[in-house]
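One structure is given below, encoded as structure tokens.
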Amino acid sequence: MEKAPQPVLGPDASAETPDQQPDRTLYDVAAVEDVREGEVFSVIIKEQSIALVRVGGEVHALGGRCPHKGAPLRGRLHCYSKAHGDVIVCPWHKAVFGVRDGRVKEPVAFSGLPVYPVRLVEGRVLVGVSPLPARVPEPCMEDSSVLVLGGGAAAASAIYTLREEGFAGSIILIGDESLPPYDRPSLSKGIFLGGPDKVQPPLLLNDAFFAHHEITRVQGTITSLDCTAKRVELADGRDYSADHVLITTGGRPAKPDLPGIELTGVMTMHGVQDARQIAEEITGEQAVVLIGGGLTTLELASALRQKGAGVTVIAPEQVIPMEAQWGREVGRILLRLHADNGVAFITDSEVVNIYGKDHVEGIELDDGMKLPCTHVLVAVGNEPCRSFLPDDVGTDADGGVSGIVVDEDMRVLPGIYAAGDVAAFQHEGTLCRIEHWRQAQIEGRAAARTILGLSRQPMPIPWYWTQQFGKKLEYMGWGEPFDRVLIEGDLSGFDFMAAYMRGQKVVALVSAGRSSAMARAAVDFNGFVAKEVRTSIV
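All the letters of the sequence shown, read from the start, carry residue numbers 1 to 538 under full-length UniProt numbering.
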């Protein structure tokens with residue numbers, strides 16, 4: 001049994017009573033030699049989880065759980081970042097924290113790690129349980145104002161970064177939903193399984209945050225943006241202006257031009273109201289057709305099957321799901337996972353009609369086959385929300401990529417910025433728009449730093465994850481083409497690392513059961529490839 005930490009140095013004698021002062025006892029928790037560089041050494045002191053990190057001759061103590069979802073921080077999670085120095089990385093969702101100050105260096109967390117006092121005495125590590133005071137940023141830009149348009153992950157990250165870095169001017173958030181920014185990826189991963197009353201996605205920033213930081217929330221539909229005057233007009237006639245305008249309006253699900261697409265029972269998944277509607281209307285006795293072959297479709301298929309519904313996926317010309325993005329080998333294990341759980345796939349035909357009188361009764365395929373169903377869920381991609389902008393603002397001169405084109409600082413025009421799913425930017429000469437949750441937060445943070453006049457930081461490699469039938473897979477890469485896939489581990493057991501190669505270059509990674517390794521890759525992809533991938537896979 002592990003020995004409990006022992007108090008070594010007593011509390012401050014100046015305290016009038018124990019209740020009036022924090023516990024200043026330092027507890028003997030480990031030998032210095034037991035805390036190895038590159039690894040996080042986890043200890044429990046008075047029911048508090050604390051992570052010890054060694055950097056040379058120093059040992060640092062921080063909170064032992066990620067504030068985002070409570071992931072334990074232990075094992076090989078201490079990395080060196082060229083941009084941020086020594087950091088700890090959350091294995092679950094890749095939030096990055098500074099080892100010395102505990103502050104968020106890269107999303108997805110919206111709170112830093114507490115930092116605890118440490119002393120090294122005769123080869124032992126002594127740690128206190130009362131956190132050191134957090135750094136208070138110097139107020140800046142008191143007379144400036146920022147309008148944030150849209151209420152998703154990019155908006156939340158930008159607002160958090162502005163206040164975290166000391167922005168003292170006014171901030172107004174304008175969105176079309178009544179909730180503050182929330183965890184949208186949870187919607188397709190089965191949050192509706194508990195019924196409509198249980199569809200309460202975790203908030204990224206809650207009402208207390210908005211009140212404490214004096215941020216105004218406005219609910220409304222944006223109809224126009226005057227980029228010269230930096231003035232926004234809403235559908236009800238209200239208008240707002242600011243020195244800086246950040247567009248984070250994201251995208252809306254695209255709907256194919258099909259007869260019957262407007263019938264009751266045809267659904268998309270975008271916001272919390274969609275999830276509540278699915279929770280309320282779709283029961284375990286019904287048959288559901290999903291149109292589309294991407295991750296949203298697969299996640300919805302997983303959740304609906306777990307609810308008991310019959311599920312058929314219509315994905316023309318996608319015999320193996322995610323083959324184009326993840327390769328044939330990984331796509332096959334996804335197909336087997338779904339087939340083993342009762343999901344049917346039709347890949348040689350496409351939907352030409354959704355039929356029914358007032359409500360969906362079924363779909364018709366181009367080969368004449370009719371498939372009865374009670375609901376149709378459409379997930380064929382998103383269209384960027386930019387209709388309020390003039391047509392010539394932030395457009396792609398070469399065509400082919402929708403969205404709002406930004407420069408390397410997330411700037412569209414002087415004083416106008418864009419981030420998240422709606423933004424398109426250059427990566428190695430290619431214009432791309434990345435529709436992933438962590439990437440949206442990274443871009444929102446980058447835009448906020450530009451507004452603050454702070455130095456540009458390197459754009460981390462995009463990462464996302466999916467959960468299907470209890471199996472988690474992670475992807476890291478820019479979506480570049482590949483010509484072969486090399487795999488180490490057990491594919492069928494969902495314990496593997498796959499390296500995607502173009503020539504001799506590793507352009508992406510997909511893994512299952514390797515969350516700590518992917519955390520290290522998130523901080524330094526090229527370094528991880530050189531040190532770990534090329535020694536074990538390539």
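Yeah, the Cβ is synthetic: ideal placement off N, Cα and C, and Gly gets one too.
Whole angstroms are fine: how far does the CA of Glu165 sit from the CA of Phe494? 41 Å
Can you tell which of Leu295, Val311 and Glu383 has the C-alpha that lies nearest to the C-alpha of Thr466? Leu295
Would a C-beta distance cut-off of 8 Å place Pro316 and Leu334 closer than the cut-off? no
Exposure label - Pro180; buried when at least 16 CB within 10 Å: buried
Of all the options His93, Glu428 and Leu77, which has the alpha carbon lying nearest to the alpha carbon of Val99? Leu77
Opposing strand residues paired with Phe496 [DSSP bridges]: Gly489 and Ala512
Give me the residue from Gly293, His244, Ile278 and Val129 with the minimum Cα distance to Leu173. His244
Would you kindly work out how many angstroms separate the C-alpha atoms of Tyr116 and Gly102, rounded to a whole number? 10 Å
Segments of 3+ residues assigned as beta strand (DSSP E) that fall wholly inside the region 348-435: 351-355, 362-365, 370-372, 375-378, 382-384, 411-413, 416-418, 423-427 and 430-432
Throw me the rounded Cβ distance for the Gly128 and Thr249 pair, which I believe falls under 8 Å. Not confirmed; about 46 Å, so no contact.
Using the rule of at least 16 other Cβ atoms within 10 Å of the residue's Cβ for burial, across every protein chain shown, is Ser302 buried or exposed? buried
Between the alpha carbons of Cys90 and Ser455, how many angstroms are there, rounded? 25 Å
Measuring only between beta-carbons, confirm whether Val115 sits less than 8 Å from chain C. Among the chains of the structure shown, chain C does not appear; only one protein chain is present.
Contact between the region 131-142 and the region 208-222 (3+ Cβ pairs under 8 Å): no
Any idea which residues DSSP pairs Trp463 with across the strands? Met476
Round the Cβ separation of Thr161 and Gln286 to the nearest angstrom and send it over; I've been treating them as touching at under 8 Å. Not a contact, Cβ separation roughly 44 Å.
Using 8 Å as the threshold, is the C-beta distance between Tyr464 and His427 below it? no
For Glu106, the first and last residue of its enclosing beta strand (DSSP E): Val104 to Glu106
Where the alpha helix (DSSP H) through Gly331 begins and ends: Glu323 to Asp340
Using a Cβ-Cβ cutoff of less than 6 Å, which residues in the same chain neighbour Pro11 once the five nearest sequence positions on both sides are dropped? Unreliable placement is indicated for Pro11, whose pLDDT of 41 sits below 50; the coordinate value is still reported in the next sentence. So the list reads Arg24 and Thr25, once near-sequence residues are dropped.
What did DSSP end up calling Ala95 once you bin it into helix, strand or coil? coil
How big is the Cα-Cα spacing for Thr17 and Ser130? Summary for Thr17: the model assigns pLDDT 44, below 50, so the residue's position carries little reliability; its value from the coordinates is reported in the next sentence. Their Cα atoms are separated by approximately 16 Å.
Can you give me the C-alpha to C-alpha distance between Leu431 and Ala424, rounded to a whole angstrom? 6 Å
Among Ile50, Ile88, Gly489 and Thr535, the one whose alpha carbon lies nearest that of Glu329: Gly489
Through-space distance from Val510 to Trp326, alpha-carbon basis: 7 Å
For Leu62, I'd like the list of residues in its chain whose CB is within less than 6 Å of its CB, leaving aside the five on either flank, ordered along the chain. Ala51, Gly102, Leu113 and Val115
With H, G and I counted as helix, E and B as strand and the rest as coil, what does DSSP make of Lys531? helix
How about the region 385-397 and the region 410-421: do they share at least three Cβ pairs that are nearer than 8 Å? yes
Would you please state the rounded distance, in angstroms, between the beta carbons of Gly220 and Asp176? I believe it to be under 8 Å. 7 Å
So Pro107 packs on Arg438, CB below 8 Å; how close in whole Å? 6 Å
If we count the other Cβ atoms within 10 Å of its Cβ and call it buried at 16 or more, is Arg502 buried or exposed? exposed
Smallest Cα separation from Thr450: which of Tyr475, Pro414 and Lys471? Pro414
For Ser42, report the span of its beta strand (DSSP E) as first-last. Phe41 to Ile45
In terms of residues, what are the limits of the alpha helix (DSSP H) holding Gln306? Leu295 to Lys307
From the DSSP output, in three-state form, read off Ala30 for me. strand
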